[in-house]
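Q:
Protein chains: 4
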Amino acid sequence: MKTVKIAVIGASGYTGLELLRLLISHPHTELSCVTSRQNAGRRIGDLFPRFNGAPAADLKFIAPEPEAIVATGAEVAFLALPHGVAAGYASSLLTKGLRVIDLSADFRLDDAEVYKEFYDSEHPAPELLKEAVYGLPEIHRADVIGARLIAAPGCYPTSISLPLIPLLREKLIATDSLVTCSMSGVSGAGRTADLSLIFCETNESARAYGVPKHRHLSEIEQELSKAAGEKVLLSFTPHLIPVHNGICTTTSAKLTGSPEQVNSALEKAYANEYFVRLLGKGGCADTKNVTGTNFIDIGWSYDERTGRILLLSAEDNLGKGAASQAIQNLNIICGFCETAGLKNF
Amino acid sequence: MKTVKIAVIGASGYTGLELLRLLISHPHTELSCVTSRQNAGRRIGDLFPRFNGAPAADLKFIAPEPEAIVATGAEVAFLALPHGVAAGYASSLLTKGLRVIDLSADFRLDDAEVYKEFYDSEHPAPELLKEAVYGLPEIHRADVIGARLIAAPGCYPTSISLPLIPLLREKLIATDSLVTCSMSGVSGAGRTADLSLIFCETNESARAYGVPKHRHLSEIEQELSKAAGEKVLLSFTPHLIPVHNGICTTTSAKLTGSPEQVNSALEKAYANEYFVRLLGKGGCADTKNVTGTNFIDIGWSYDERTGRILLLSAEDNLGKGAASQAIQNLNIICGFCETAGLKNF
Amino acid sequence: MKTVKIAVIGASGYTGLELLRLLISHPHTELSCVTSRQNAGRRIGDLFPRFNGAPAADLKFIAPEPEAIVATGAEVAFLALPHGVAAGYASSLLTKGLRVIDLSADFRLDDAEVYKEFYDSEHPAPELLKEAVYGLPEIHRADVIGARLIAAPGCYPTSISLPLIPLLREKLIATDSLVTCSMSGVSGAGRTADLSLIFCETNESARAYGVPKHRHLSEIEQELSKAAGEKVLLSFTPHLIPVHNGICTTTSAKLTGSPEQVNSALEKAYANEYFVRLLGKGGCADTKNVTGTNFIDIGWSYDERTGRILLLSAEDNLGKGAASQAIQNLNIICGFCETAGLKNF
Amino acid sequence: MKTVKIAVIGASGYTGLELLRLLISHPHTELSCVTSRQNAGRRIGDLFPRFNGAPAADLKFIAPEPEAIVATGAEVAFLALPHGVAAGYASSLLTKGLRVIDLSADFRLDDAEVYKEFYDSEHPAPELLKEAVYGLPEIHRADVIGARLIAAPGCYPTSISLPLIPLLREKLIATDSLVTCSMSGVSGAGRTADLSLIFCETNESARAYGVPKHRHLSEIEQELSKAAGEKVLLSFTPHLIPVHNGICTTTSAKLTGSPEQVNSALEKAYANEYFVRLLGKGGCADTKNVTGTNFIDIGWSYDERTGRILLLSAEDNLGKGAASQAIQNLNIICGFCETAGLKNF
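Chains as they are written, first to last, in this note's numbering: chain B, 2 to 346; chain A, 2 to 346; chain C, 2 to 346; chain F, 2 to 346.
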């Protein structure tokens with residue numbers, strides 16, 4: 002099979018690190034370019050000693066100049082950049098004929114107004130919003146197939162939307178009753194020298210943050226509303242806990258259907274989806290079973306006392322919540338087997 | 002001030018360990034007796050080397066025989082025993098004139114039927130239920146003062162009830178809308194040789210458990226219902242996370258009053274309570290600020306989009322959730338300053 | 002390339018888990034048999050949910066009966082069994098024509114008397130000691146190639162011997178001056194329900210154990226002595242630290258040669274060894290760069306004040322210290338590329 | 002008893018935090034001044050929410066101006082400042098009549114030349130070196146009593162020197178054979194926004210650093226040499242491990258005396274020392290037993306095979322290794338009971 006040349010733009014953070022880790026072992030890709038303004042000139046293996054021994058470890062970071070990126074022969078670019086910055090690169094690289102998989106928030110929303118509301122600035126490339134496809138393959142695979150520009154979903158959104166969408170589609174839960182708590186590993190806060198992230202501040206600590214209006218709500222509610230066919234709002238509280246990676250999400254919703262219908266809806270949606278592992282009734286998803294993988298585990302429970310359904314999911318925030326899901330999208334747009342390079346355990 | 006002689010019955014678990022740690026530094030108590038069937042004959046300092054250097058470290062565990070306990074001159078007994086077992090000791094020791102502070106679930110419920118429903122067995126001493134006082138001093142201080150038998154509240158219940166009770170009393174939230182997620186440190190699962198608790202199974206792991214009907218719901222709903230003046234049910238999901246101690250609790254509820262009323266209700270209830278630290282609007286309670294203490298930190302946030310209030314609390318599951326709260330009750334029944342021995346930071 | 006059928010005997014511990022994880026992705030093996038007396042009848046995926054999605058997850062554990070193992074068509078057996086127990090299985094399976102890679106200590110020593118001294122019992126199969134090959138490929142590759150019975154080295158021995166052997170061979174250090182400290186992750190203590198291993202006993206804890214005569218000394222000193230051509234003794238102190246996996250080893254020795262010779266000796270020994278990554282002078286090996294891999298990282302430093310050389314190594318105790326090194330041996334005896342299935346990062 | 006007014010200069014790091022924690026509960030001190038250039042104007046409780054509820058939490062940080070410090074009435078100043086910076090404050094404050102307990106390295110060395118060798122700059126106040134007393138009370142108590150200027154020992158030096166000094170005094174070990182490995186919690190690296198200290202870089206990591214000539218060697222060797230009556234050099238390797246606080250130290254040395262003499266020497270030196278807990282032969286010190294306290298636990302083991310003695314110690318790097326030992330010195334110079342404020346467990 003043909004090999005596709007890949008550029009990773011902004012490769013010095015944890016998402017970039019995980020993209021590199023997976024691309025190194027991917028059977029159908031060749032890493033042609035990695036960028037990092039701060040680390041330009043350094044070998045990948047110097048910044049990430051873990052990778053020494055892989056041929057790609059000798060590739061050097063370059064500054065993120067579109068011309069230089071194109072010159073490496075890259076055919077697909079992953080953007081692991083801050084929101085606001087990613088959009089400009091997407092425009093440039095699309096113009097030059099690359100396909101783009103953006104891991105920032107810049108192309109996840111259909112509506113530039115919602116972007117402005119949640120991200121406090123004008124959308125930097127609203128003309129591309131219509132074209133961008135929200136890269137949740139289990140939900141939007143048909144649209145992903147031919148896409149030039151993929152918006153890889155956020156970590157919390159993936160963990161929340163995948164369990165809920167089948168139930169909303171089948172009208173099994175009351176849309177005004179959704180309450181979600183998520184717990185994220187510290188890698189979700191980025192690879193950055195921030196006092197609040199040092200070991201002694203995060204270890205032996207658990208706390209909510211970003212309440213009540215986390216930016217991810219915008220894309221979560223967009224996707225839930227599409228599934229429900231009506232406007233859905235969510236009460237969402239993210240928490241930071243002392244694990245490296247992993248998101249554990251618990252959603253509670255008033256059940257309007259039956260528990261059996263819940264199970265059927267999940268089975269119908271995901272029985273044939275390789276990366277969604279249904280744990281069934283009583284299954285309590287554990288992040289330790291999904292770290293380093295592209296799996297999301299989903300269990301559920303019914304509380305007859307309150308008439309509420311509990312949806313319990315676990316994913317790797319850097320995996321199905323970011324890098325490996327981005328590669329799942331790559332596989333689709335390139336015509337590879339969707340699981341190529343992602344069957345690690 | 003007179004010194005009170007204390008027995009700790011079942012002192013070899015983490016709650017016992019924390020009781021001992023606090024009693025060692027308590028200015029008005031003398032430890033006269035510690036029991037542990039398994040460790041009878043061993044010094045406290047042998048089982049818990051941390052305590053060597055304290056005079057109490059030389060005290061030896063004895064088998065938990067009521068006569069032997071009484072013979073040590075103990076005036077107050079803390080029971081750190083499994084539910085079902087504690088009740089028998091409480092009966093015996095009360096008969097012999099001791100006051101009893103029970104940290105098990107045996108006397109937390111008013112109704113033996115509810116006990117049977119949640120604990121799957123007949124209540125072992127239903128005749129004592131009427132007398133027992135639920136030892137949440139901020140709520141039931143007047144009843145605690147003269148009590149012979151205190152039921153120290155559970156860890157989750159303390160972290161959930163204290164934020165909610167003022168709002169329920171003032172009718173500020175919809176009683177059918179309560180959804181709570183809690184995250185607990187591993188010490189909450191006990192000091193026991195269980196494969197699921199070893200480091201490699203719990204570290205780098207986050208997961209829900211005990212859904213949908215955790216036993217603690219019985220006492221939580223009892224207390225919430227009393228505060229609300231009507232039957233209140235709760236959707237509650239506990240999670241296990243890799244910290245030693247600490248509970249982080251997030252409750253979401255539909256607000257029927259105003260955000261200002263929420264703040265007023267909390268201030269009214271707790272402005273003068275030393276052990277409740279109100280963080281105000283936007284405050285995100287962090288377990289690392291309360292470990293080893295008797296404090297509970299409470300913040301809140303209002304989500305105008307969903308009309309929901311978020312209550313965010315943090316306590317030490319072994320502290321305000323167990324041992325230090327038990328000592329707060331001791332201080333009250335003995336007429337000590339309520340903060341005696343509890344002003345550690 | 003032909004596929005080899007593999008049996009993993011004693012597959013329910015952490016070494017077994019890591020063997021399974023690697024075998025699942027190995028291009029030239031087929032898992033035909035996994036045994037666990039305690040878990041017989043259960044699917045691999047039931048015991049280790051992480052593996053669900055891999056075809057092997059549906060394989061069921063069987064009781065470890067040699068006939069049943071042979072009946073699965075297994076050609077090579079990995080023994081992840083306690084010392085003393087492994088030898089019997091090795092004998093049986095060799096007799097039936099399988100090749101055996103034993104991860105226990107049973108065949109690591111040349112001398113049954115030394116075994117008795119360190120393991121407190123008669124060697125269970127002394128007649129096999131002569132045939133068994135110590136499976137440290139970088140040192141004994143020529144012997145491994147045709148071996149029927151491989152003794153996979155212990156975790157500490159690998160991390161200690163690989164840095165030292167080149168220096169001892171070249172007579173660059175004083176053989177009576179060796180002092181080693183190692184720090185191991187908790188997985189090294191096994192997947193067992195032991196109170197001393199639960200999270201709250203191991204987290205936030207660092208301590209030496211097993212001093213002064215850890216059993217691994219027997220094989221370490223055997224290998225060091227062979228390299229030195231004289232009897233070498235080692236002062237060795239292992240420590241338990243709160244990480245899942247990884248061994249960090251620091252050895253101090255009086256330098257009799259020059260620092261340049263140290264570097265040359267290491268380069269000569271390992272420049273062409275894929276799994277040994279030399280960090281050079283000043284390189285401080287970090288376990289986080291090798292977890293999940295078969296790499297050992299080795300750095301060194303020279304202290305001119307004391308005339309001592311410091312050797313600093315990091316490996317994964319379950320990887321190069323156990324499972325992945327066992328598979329490296331498998332690759333050699335089966336004629337596969339030595340890195341087959343081991344190029345994960 | 003009279004209360005002494007205390008200033009903590011540089012109170013925003015982990016050493017400052019621990020000093021504040023202990024001073025808050027100290028029976029004979031009053032906190033009159035805390036400084037932090039960066040946090041001037043903020044309440045202690047704003048920077049360290051843990052302390053809210055303590056009266057001292059309302060004290061505001063001021064900029065570290067000597068006049069302003071003196072104006073608060075402070076009688077003793079703790080300096081928790083970087084080396085090089087501390088000396089100037091010590092000079093100023095001594096001149097103004099305060100006594101000074103410096104936790105930096107500025108006054109630990111007798112010889113300004115050694116300072117220059119290890120700290121790469123001229124000593125900022127060499128005229129004070131003669132007066133300064135090295136505040137290891139178990140060794141230098143007589144000198145501490147009347148001191149105006151105390152140099153509180155470093156964390157590694159305390160953990161290494163206390164076990165070794167009695168053996169060196171009694172000439173029981175070969176002075177050219179000392180090899181030490183220490184493992185430190187991450188708090189030892191400071192409360193600073195450094196990428197290498199964030200959770201995801203330190204968790205699940207163990208590595209040596211600062212080899213082969215860590216700055217602390219200067220004071221360690223000075224104290225060991227004094228005890229031995231001859232020049233002693235040490236091979237010392239510190240390691241960073243993922244715990245919050247705690248240092249575990251293992252020293253190996255050739256025994257020239259007998260194991261019984263080792264025990265006698267330790268007993269003779271420390272049997273009456275409250276803060277040194279001797280674990281005896283075979284005792285493996287565990288950091289989890291000393292965190293938050295001023296204890297150092299010391300065990301030992303004799304390896305007859307190599308003729309080496311192993312000394313195993315555990316302390317809290319922020320406790321006996323810094324803040325609580327500084328307060329032990331305070332107690333001595335102020336004539337308080339030496340354990341005042343330090344009997345927490």
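Ideal placement from N, C-alpha and C gives every residue a C-beta, glycine not left out.
1. Distance, Cα to Cα, ILE319/A vs TYR275/A?
2. Among all the DSSP beta bridges, which residues are the ones paired with THR238/F?
3. Identify every residue that forms a DSSP beta bridge with THR252/F.
4. Determine the contact status of ARG278/B and ILE299/B, defining contact as a CB-CB distance below 9 Å.
5. Counting only the same chain and skipping the five closest in sequence on each side, list residues whose C-beta sits under 6 Å from that of ALA78/C.
6. If I'm right that ILE310/B touches ALA254/B with Cβ under 8 Å, what's the distance once you round it to whole angstroms?
7. If contact is defined by three or more beta carbon pairs under 8 Å, each pair taking one atom from either stretch, is the segment 327–341 of chain F in contact with the segment 16–30 of chain F?
8. Using Cβ-Cβ distances below 7 Å, what residues of the segment 115–147 of chain A are close to chain B?
9. Identify the continuous alpha helix (DSSP H) that holds GLU202/C and give its terminal residues.
10. Give a yes or no on whether 9 Å exceeds the smallest Cβ distance from PRO164/A to chain F.
11. Using a Cβ-Cβ cut-off of 8 Å (strictly less than) and excluding sequence neighbours within five positions of TYR210/A, which residues of its own chain qualify?
12. Return the residue from the list GLU268/F, VAL244/F, ASP111/F and ARG51/F that minimises the CA-CA distance to THR292/F.
13. So which residues on chain A does PHE62/F lean against when the C-beta distance must stay under 9 Å?
14. Does the beta-carbon of SER122/A have 16 or more other beta-carbons within 10 angstroms, so that it is buried, or is it exposed?
15. Taking 9 Å as the CB-CB cut-off, is GLU205/B touching chain A?
16. When you compare the CB of THR251/C with every CB in chain F, is at least one pair closer than 9 Å?
17. Residues in its own chain within less than 7 Å of ALA58/F by CB, not counting five upstream and five downstream?
18. Which stretch, first to last residue, makes up the beta strand (DSSP E) that contains TYR303/F?
19. Below 9 Å on C-beta distance, what does PHE296/A contact in chain F?
20. Three or more beta-carbon pairs under 8 Å between the segment 15–24 of chain A and the segment 109–128 of chain B, yes or no?
21. Looking at the structure shown, is GLU261/F part of a helix, part of a strand, or coil, going by DSSP?
22. With a threshold of 7 Å on Cβ separation, who are the neighbours of PRO83/A within its own chain once the five nearest residues in sequence on each side are excluded?
23. Taking the beta carbon of ILE146/A as the centre, do at least 16 other beta carbons fall within 10 Å, making it buried, or is it exposed?
24. For LEU267/C versus TRP301/C, is the C-beta spacing smaller than 9 Å?
25. Can you find the residues in the same chain that come closer than 6 Å, C-beta to C-beta, to ILE362/C, ignoring five residues on each side of it along the sequence?
26. Closer than 8 Å by beta-carbon distance: list the chain A residues that pair up with PRO243/B, in chain order.
27. ALA8/F by DSSP, collapsed to three states: which one?
28. What does the alpha-carbon distance come out to for the pair VAL180/C and LEU312/C?
29. Would you mind working out which of SER219/C, PRO56/C and LEU198/C sits nearest TYR157/C, comparing C-alpha positions?
30. Is the beta carbon of LYS6/C sitting closer than 9 Å to the one on GLU76/C?
31. Among the residues of its own chain, which have a CB less than 8 Å from the CB of GLY365/A, if the five just before and after it don't count?
32. Can the beta-carbon of LEU80/F be found less than 9 Å from the beta-carbon of ALA91/F?
33. If you draw a straight line from the C-alpha of ALA256/F to the C-alpha of PHE337/F, how long is it?
34. Counting contacts by CB-CB distance shorter than 9 Å, is TYR275/F in contact with chain A?
35. Taking CB distances under 9 Å as the criterion, tell me whether TYR271/C reaches chain A.
36. Give the list of continuous beta strand (DSSP E) stretches no shorter than 3 residues that lie fully inside the segment 27–72 of chain A.
A: In brief:
1. Reading the sequence as shown, one finds Leu at residue 319/A and not Ile. Taking the straight line joining both Cα atoms gives about 18 Å.
2. Bridge partners of THR238/F according to DSSP: CYS182/F.
3. Answer by DSSP bridge pairing, in chain order: THR181/F and LEU312/F.
4. Taking 9 Å as the Cβ cut-off, ARG278/B and ILE299/B qualify as a contacting pair.
5. The beta carbon of ALA78/C is closer than 6 Å to those of ALA8, ILE10, LEU94, LEU99 and VAL101 in its chain, skipping five residues each way along the sequence.
6. The pair is a contact, with the Cβ atoms about 6 Å apart (cut-off 8 Å).
7. The segment 16–30 of chain F is in contact with the segment 327–341 of chain F.
8. Result list empty, no residue passes.
9. It spans 200–203 - the alpha helix (DSSP H) in which GLU202/C sits, taken as one unbroken run.
10. PRO164/A has a beta carbon lying at 9 Å or more from every beta carbon in chain F.
11. So the list reads PRO239, HIS240 and LEU241, once near-sequence residues are dropped.
12. When each option's Cα is compared against that of THR292/F, the closest is VAL244/F.
13. Simply none; closest approach about 17 Å.
14. SER122/A is exposed by the Cβ-count criterion.
15. In terms of beta-carbon proximity, GLU205/B lines the interface with chain A, with at least one pair separated by less than 9 Å.
16. For THR251/C, the answer is yes, since a Cβ of chain F falls inside 9 Å of its Cβ.
17. Within the same chain, ALA58/F has close Cβ partners ARG44, ILE45, GLY46 and PHE52.
18. TYR303/F -> beta strand (DSSP E) spans 297–304.
19. Going along chain F in sequence order, the residues near PHE296/A (Cβ under 9 Å) are ARG51, ASN53 and GLY54.
20. Output reads no: the segment 109–128 of chain B does not touch the segment 15–24 of chain A.
21. Here GLU261/F sits in helix by DSSP.
22. Taken in chain order, the residues that qualify are SER105.
23. Exposed, by the Cβ-count rule.
24. Against a cut-off of 9 Å, the Cβ pair of TRP301/C and LEU267/C comes out as a contact.
25. Since the displayed chain C opens at 2 and closes at 346, residue 362/C lies outside it and no answer follows.
26. The CB of PRO243/B comes closer than 8 Å to the CB of ILE242, PRO243 and VAL244 in chain A, given here in chain order.
27. The DSSP-derived three-state label of ALA8/F is strand.
28. Distance between the alpha carbons of VAL180/C and LEU312/C is about 10 Å.
29. Of the listed residues, the one whose Cα sits closest to TYR157/C is SER219/C.
30. Their beta carbons are under 9 Å apart, which means LYS6/C touches GLU76/C by this criterion.
31. Limits of chain A in this structure are 2 at one end and 346 at the other, which puts residue 365/A out of reach.
32. With contacts defined by Cβ atoms closer than 9 Å, LEU80/F and ALA91/F form a contacting pair.
33. The residue you asked about is not Ala; residue 256/F is Leu in the sequence shown. Cα-Cα distance, rounded: 39 Å.
34. The C-beta of TYR275/F comes closer than 9 Å to at least one C-beta of chain A.
35. Chain A, which has no Cβ nearer than 9 Å to the Cβ of TYR271/C, makes this no.
36. Counting only runs of 3+ residues, the beta strand (DSSP E) found wholly inside the segment 27–72 of chain A occupies 30–36, in chain order.
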